[in-house]
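Residue numbers (this note's numbering): 1319 to 1749. Backbone N, C-alpha and C define an ideal beta-carbon position, used for all residues, glycine too.
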Amino acid sequence: MRFNQLSQKRSSLRGTWQRGAAAVAASTLLMGAQATRAQEPALPLRGAAETLAALPPEAARMPALAPGRQMIVVTERSFIDDRITPAAVIAAVTPYLPAGALPLDDQQARGIVESILEDKAAAYRLTDRTGARVGCVVAMNSRLRSAREYAALLSGAPAGLLTGNVSGTAQQWQTAILFHEAAHCGQHHAPGNMFDLAPTLMAEIDADQVMTDLFEDALGGSYATVARDVRAMRALGAIHFTNDTHHTAAGVFLAGEDIGWAGAPPSGSQVLADMQRLRPLLSQEVGRMLSDRTDWYVVALRDELNRLERFVSVDARAQHPVLQRRASMLRHMERYGAEAFARRYGATQPALVRAVEASVGDQMRARRDDPAAYAYFATAARRLQQRHVFAPDTYGARFLEIYASAAEQYVVQPACRSARAQRVHLHCRLV
Ligand SMILES: [Zn+2]
């Protein structure tokens, strides 16, 4: 009974933000609801026999995510030799194009090459002469052999660092990516331009949610844990690796998480706004923890002053409230360090002090192969939580919890255990 209530709640919440065939197909599969697009049956998956035969068996569910649209799958197995070129892509895809589809253009063909050679899975839209969407090409490399390698792909953290127990098999992670791309294929209002950040992020959140719902409700068992881990890796990636359009973690709800959720349904602009506010706050917090790194601080201050200088004319620099003190500020930082600098200039130049602290944090943030980077940022996230920087039931608050738990579970705790065992120093207790 509780499950029924829960899935009804989930479906009603989901209905408010999921648009398009993906949502219809997912809820049809999960809830047995009347299919509103029944007149558009799921077309079978198409592609080279070698490609389709090597897909996980669950890939058979992909066409249901984009009713009426033809889905073609292309992987490295779709090519007879190792030459994966735009011309070879066009030759590999053309036999499977649905009737009326325009041929692949060069830009799409180049994109598909990149998707396969550089592990950047993507769905490429197929349209007819009127611009109507008639299908898509899902392109990915299927060479990865372990769940941990897939987790590394999504998070940007080296596989060797993700020593916390990443769940599932390579095949399950590949299925997650295939479902995500298939969901894109079914979306009705996918943004035309990936630089349109909020709608692009919403399309990404929607695709991750469709995958998560299928993994939790239709497949279940260990798949549910894989969906949770995918979200965790997205969260790590959002801080250390990916751009704004893939910061989906806070907008994806696992089963039951919406019970008692009083916030607004996910929207690209809301998640984007919280993420854009949160990232410099985390960096600044980490920068403060690194106040003994005077070497980093001197470089960051010099960079910040140079940046300011570019916006001020040569004549105005002598009168500029910050630039006229340039030399003395740098000397102060070199001699007395970051804490003294913040005390001396914090009241008069708060924006400069904040920017320099955030810049030092950013240096740590970029160290994706250093467990300390995750330890510092997890600690910063916990501190922002303790200070209630984001109100309850906001996407910022959700992200802090998801990120901190992910960093602690997959990187920090195992790194600290092995550091203790080997008697190596690591910043394990920062709070
Ligand atoms: Zn996507």
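Check: For V1616, which residues in the same chain have their Cβ closer than 6 Å to its Cβ, ignoring the five residues on either side in sequence?; Outcome: M1651 and E1652
Check: Thinking C-beta only, is A1673 closer than 8 Å to E1622?; Outcome: yes
Check: Once DSSP output is grouped into helix, strand and coil, what is the label at A1658?; Outcome: helix
Check: E1522: beta carbon under 7 Å from a heavy atom of ligand 1?; Outcome: yes
Check: Just reading off the beta strand (DSSP E) that T1445 is part of, what are its end residues?; Outcome: A1440 to T1445
Check: What whole-angstrom Cβ distance do L1572 and E1534 have, given they're in contact under 8 Å?; Outcome: 7 Å
Check: Three or more C-beta pairs closer than 8 Å, one from the region 1703-1718 and one from the region 1680-1692: is that the case here?; Outcome: no
Check: DSSP three-state call for A1353: helix, strand or coil?; Outcome: Low confidence applies to A1353: its pLDDT is 41, below 50, so where it sits in the model is not reliable, and the reading given next is rough at best. Here A1353 sits in coil by DSSP.
Check: Below 7 Å, is the gap between the Cβ of A1525 and the nearest heavy atom of ligand 1?; Outcome: yes
Check: Return the Cβ separation of A1440 and A1457 in integer angstroms, given the expectation that the two are a contact with Cβ distance under 8 Å.; Outcome: 6 Å
Check: Would you say the region 1430-1438 touches the region 1356-1371, given that touching needs at least three Cβ pairs under 8 Å?; Outcome: no
Check: Exposed or buried, what is Q1425 when buried is set at 16 or more other beta-carbons lying within 10 Å of its beta-carbon?; Outcome: exposed
Check: Between which two residues does the alpha helix (DSSP H) holding G1714 run?; Outcome: Y1713 to A1724
Check: For the putative contact between A1382 and A1360, defined by C-beta atoms under 8 Å, what is the C-beta separation to the nearest angstrom?; Outcome: 5 Å
Check: Beta carbon of P1454, beta carbon of R1447: below 8 Å?; Outcome: Note that residue 1454 is Cys in the sequence shown here, rather than Pro. No, the pair does not count as a contact, with Cβ atoms beyond the cut-off.
Check: Give the range of the alpha helix (DSSP H) segment to which Q1594 is assigned.; Outcome: G1586 to M1607
Check: Less than 8 Å between the C-beta atoms of M1520 and D1562, yes or no?; Outcome: no
Check: Excluding the five sequence neighbours on either side, which residues of its own chain have a C-beta within less than 7 Å of the C-beta of A1406, listed in chain order?; Outcome: F1397
Check: Using DSSP with H/G/I as helix, E/B as strand and the rest coil, what is V1616?; Outcome: helix
Check: Does the region 1586-1606 come close enough to the region 1531-1547 to have 3 or more Cβ pairs within less than 8 Å?; Outcome: no
Check: My understanding is that L1472 touches Y1728, with C-beta atoms under 8 Å, so please give their C-beta distance in whole angstroms.; Outcome: Actually they are not in contact, since the Cβ atoms of L1472 and Y1728 sit about 11 Å apart, beyond 8 Å.
Check: Considering only the beta carbon of each residue, do T1412 and P1421 sit closer than 8 Å?; Outcome: yes
Check: With a floor of 4 residues, list each alpha helix (DSSP H) that falls wholly inside the region 1505-1574, ordered by position along the chain.; Outcome: 1515-1531 and 1540-1558
Check: Three or more beta-carbon pairs under 8 Å between the region 1490-1497 and the region 1705-1713, yes or no?; Outcome: no
Check: Going by C-alpha distance, which of V1544, C1734 and R1395 is nearest Q1489?; Outcome: V1544
Check: Sort I1430, A1450 and Q1388 by Cα distance to Y1414 and report the nearest one.; Outcome: Q1388
Check: Roughly how many angstroms lie between the CA atoms of V1570 and N1459, to the nearest whole one?; Outcome: 25 Å
Check: On the DSSP letters alone, give me the boundaries of the alpha helix (DSSP H) that M1682 sits inside.; Outcome: P1668 to R1683
Check: What is the DSSP secondary structure of G1386, counted as helix, strand or coil?; Outcome: coil
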